[in-house]
């Protein structure tokens, strides 16, 4: 086909040249065309859409209207001032060849050219120059149309030609212009692949698109969906030449032929196997082509007009090839927007046929020109429609003019830009070669968008991939192709409907091949090979399992033992080696979480009003408990005073003198020291608090600078008292006889600072580096105020001395700090070390190994994994999985985190799943409480502190009966499991875990500590335990009401779970069904809402930052303009080099102030 087209063009060329030379000059009227060429009326040719007399009459009317517009433009130019190019040229002749009737006619395009010329004529470069448009008739006859243009070329009646839209006419005219006339040709057509050769078509510039682009567009599409170029990956091409539309002219009749020529070259070059069919009519060979698809191809490219494509897709649907195993790709670059949206719909077809076509089009993707809608183009369309009606008596029937009309406007703009550069450089208007070269490698903004002309004189256009949206039944863009880097980019939020179950692109080659040979094997060979393979596998597996279990039996006894030297401490936070605490591991005030390893973790506030215990505020930890803050010592460092940063709690009204006596009597030291000064100092400090408590204050939580100073002085005196004491405690870990500072049950090395943390305050900024007391740091509200460290939790206003009091909550923090674990690295992973709290050495016997391996083998997402145990006499630790978010107890106390109902339900569900797993193994927890529920990095709950009775040992060291920790520890304990008066503790059971789970759920809902009672004052723990033990009617339980966003079913479940009768309590399977069903309903909506909020906040932040950046940029530019001349500043802003300027005459002005030297000598610098 391509050879025949080239031969046709080559035969027409010399004939038209001889005729043009022979005829000589002719006028622009339609009668002159009879002298040049008369179109044939042969019955062998397709019938014409419009008769020739009507075409000529319409053309004469257009010529007359054009003359009026040219006359008006010439008169306007005479009144204009003369521009810079007027001395080079006074009149520019613009030729335009289009049809007189049909689509994209002269009357429709001329208004767009007039708009462009009006703008250009008002510019300084072309002011005063006359632009004359010369219409040239196109009659859909290649020979006659070519001769019409050649006559204009030969008589030098035009300087440039815009159009035509027929590729054969373009080929003839461009060949003659390149070889003889040297007149530029700019057209929004010429899509044929042969026109890319600019050696033969040197004067041609194409501003729309070229079928050569199909090569990289199809290449990007195939690679995007995994259809890589292989010799075994065939690509089907179906091309149809629509003979019935040849008479309409333009490019539509042969678009399939031109598309196939470009694709054939690409597929052969890339190594694809082609399966192609070319027919004269779209009905021919369609069924034969489709029936050969199963054995030949899976991806088909349809090079045909939309009518042919619809017929092919209906046939494919009829034969069952639209099931998602086949993909059809159509190229439709010129369709109107209405047709591109619903190409499957045809008004004159039945409803059933349109429905079948819609279903068939699910397997079709369309490659189209990328459309960029803009308000400027809509205004341009309105202006073109108005001018067409006013000047050419033509009415548009569409609201937006076709893109081809806009491209003629941009073609005129491109030519005038290149002509301006040519005239400025001394090139004459008749030098079409240099003007054409200046149009290449140029980018400018036209009315249709950004126009990029490459070095070959062709436009680099962008394209889109369209797919049928099953919801709206319209074709929508799902990907964009960008010619600047020949790439494809999927549009976010858009997906392709592949019409198969997996919704994935089908493979280019079937798994078993097109003929199924890949899946056909000899049955005998399959049986022999399978039998041999299975025997070999069973033999290898048997031997491997035997070796594995033999070695496992040998190593099982010691695999759980971890050597201390295998642990690495990156931050040198090595735990003490001789600490032997004497508290029960069930103490709720210990840090069972991993707060030592994370800055965000906070120790539990066990003495806050919400969880008050039996002891009055001010009660220290139990007696005979030693606290050490063991930091790494550095002998070379100078001695520094200890200081305190944090916020304190004022003494309650019930503390009184008894609280002071208890506090003094509860402090003990592990070695002898001077204790009398400490008691005296404490007594003085307490009296000072009582005196200042009654004084009024105007600021509830702000510290006066004098108070800060007195605070520092008191701590300095305390530090000096202790440091001057003749005797210090000796700490044996790390250094020998290291002097220790003992204060209030705490110890530290003499050369290190001691930090006393408050459980309800974030100390991440304090722990990160040492900062003097009162030092300011930046916050979101400006400078940091030291008074922010103090908070009035009781609602009363404090004096400065009250705010600086050393409260019981701080003592509890020190008490808890003793038992928080340490983080370390073990075999490249971060682990958590928790003290085993044993008084005697752990024996590594068979019974212990069985017990540890039983816990190690637990595998559940909500069980904290035990990695091993350190058995060194001085370092007995559990090595456990690291959970960076700390315990649930601490998380609930941290008011910085907000929790909605769904988040609370998810935590309840995590605990329930972990307990369900334990109970399935017939293992009760026994110590279930919020402090034993850890949170990992994903805020998933993991249970810990269960099992291992041999390693943990018997709870020999109990809290003294009647103390605050004793009762507080029992708040999660079921009534039937409370210790008897004889001190006996009943064995743990499953129903007791259910009761503890209910208490945790209530604690999680209210976030006010365990067993929260909604009263004016929270009862002490001793009172709560006594009421629970009495089993009153109704049962004494914490407050529990249905929350605003809560669930009635969950509330009822909690009430049944803490019933006095264990038999009435549900098991965790039943609990999981209630909690799970309630949490799964709105989880997705909640997550989507959170993501939308985050996206909105990010967009606002980006807008704010952008606005700030633009303001700063404007201020910087204004400053630069105020300092330098505007021309110099503009060059610097554009990052250009400022060249020196030369002036023939300049004036230099000198001035001076008489006596300025004397005045300056007698004045200060500020006065000068």
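Numbering (mature numbering (1 follows the signal peptide of the UniProt record, and there is no 0)), first residue to last: -28 to -1, 1 to 1140.
Think of the CB as a built atom: it goes at the ideal place given N, C-alpha and C, for glycine as much as any other residue.
These numbers come from a predicted model, not from an experiment.
| said: Nearest by alpha-carbon distance to residue 843: which of 886, 116, 536, 889 is it? | reply: 536
| query | On the three-state DSSP scale, how would you describe residue 880? | reply | helix
| said: Could you check whether the stretch 454 to 468 touches the stretch 347 to 366, counting it as contact only if at least three pairs of C-beta atoms, one from each stretch, sit closer than 8 angstroms? | reply: no
| query | Who are the near neighbours of residue 1131 in its chain, counting only those whose CB is closer than 6 angstroms to its CB and skipping five residues on each side? | reply | none
| request: Indicate whether residue 382 and residue 418 have their beta-carbon atoms separated by less than 7 angstroms. | output: yes
| task | Count the other CB atoms, across all protein chains shown, that sit within 10 Å of the CB of residue 914; report buried if there are 16 or more and exposed otherwise. | result | buried
| Sorted by chain position, which residues of the same chain lie with C-beta nearer than 6 angstroms to residue 177's C-beta, five sequence neighbours on each side aside? | 158, 411, 429
| query | In chain order, which continuous runs of the alpha helix (DSSP H) of length 4 or greater are located wholly inside the stretch 119 to 170? | reply | 139 to 148
| message | If I measure Cβ to Cβ from residue 1140 and keep anything under 7 angstroms in the same chain, skipping five residues before and after, which residues do I get? | response | 1132
| query | What residue range is occupied by the uninterrupted alpha helix (DSSP H) comprising residue 289? | reply | 278 to 290
| message | Per DSSP, what are the beta-bridge partners of residue 1180 in this structure? | response | Only positions -28 to 1140 of the chain appear in the structure, and residue 1180 is not among them; the question remains open.
| query | Alpha carbon to alpha carbon, how far is residue 854 from residue 921? | reply | 22 angstroms
| query | How many angstroms separate the CA atom of residue 47 from the CA atom of residue 96? | reply | 17 angstroms
| request: Taking only beta-carbon positions, decide if residue 890 is within less than 7 angstroms of chain B. | output: Going by chain labels, chain B is absent from the structure shown, which holds only one protein chain.
| said: Using C-beta distances below 6 angstroms, list every residue in its chain close to residue 423, excluding the 5 sequence neighbours before and after it, in chain order. | reply: 382, 416
| task | Give every residue of the same chain whose Cβ lies closer than 7 angstroms to the Cβ of residue 135, excluding the five residues on either side of it in the sequence, and list them in chain order. | result | 68, 69, 70, 159
| field | alpha helix (DSSP H) runs contained entirely in the stretch 1003 to 1033, provided each spans 4 or more residues | value | 1020 to 1029
| task | Pick helix, strand or coil for residue 460, following the three-state DSSP scheme. | result | strand
| request: Leaving out five residues on either side along the sequence, give the residues of the same chain with a beta carbon under 6 angstroms from the beta carbon of residue 1200. | output: Only positions -28 to 1140 of the chain appear in this structure, which leaves residue 1200 out of reach.
| request: Go to residue 262, then tell me how far its alpha helix (DSSP H) extends in each direction, as first and last residue. | output: 258 to 263
| Is residue 339 helix, strand or coil by DSSP? | strand
| Is there contact here, the stretch 872 to 891 with the stretch 1036 to 1044, by at least three beta-carbon pairs under 8 angstroms? | yes
| query | Would a C-beta distance cut-off of 7 angstroms place residue 84 and residue 338 closer than the cut-off? | reply | no
| message | Going by DSSP, what residue range makes up the alpha helix (DSSP H) through residue 381? | response | 375 to 396
| query | Whose C-alpha, out of 137, 946, 957, 797, is nearest the C-alpha of residue 162? | reply | 137
| said: Out of 932, 93, 26, which one is the CA nearest neighbour of residue 1143? | reply: Any property of residue 1143 remains undetermined from this structure, which presents the chain solely from -28 to 1140.
| query | Which two residues bound the contiguous alpha helix (DSSP H) that contains residue 976? | reply | 962 to 978
| task | On a CA-only basis, which of 63, 1105, 289, 1099 is nearest residue 1089? Give me that one, please. | result | 1105
| said: What residue range does the beta strand (DSSP E) around residue 423 cover? | reply: 421 to 425
| Candidates 916, 1030, 907, 102: closest to residue 944 by CA position | 1030
| request: May I have a chain-ordered list of the alpha helix (DSSP H) segments no shorter than 4 residues that lie completely inside the stretch 906 to 955? | output: 921 to 924, 936 to 940
| said: Taking contact to mean 3 or more Cβ pairs, one atom from each stretch, closer than 8 angstroms, check whether the stretch 467 to 485 and the stretch 267 to 275 are in contact. | reply: yes
| task | Hey, could you find the ends of the alpha helix (DSSP H) residue 902 is sitting in? | result | Where residue 902 is concerned, there is no enclosing alpha helix (DSSP H), given that its DSSP letter is neither H nor E.
| field | Delimiting residues of the alpha helix (DSSP H) encompassing residue 1172 | value | Outside the shown range of the chain (-28 to 1140) lies residue 1172, about which nothing can therefore be said.
| task | Take residue 440 as the anchor and find which of 250, 451, 434 has the nearest alpha-carbon. | result | 451
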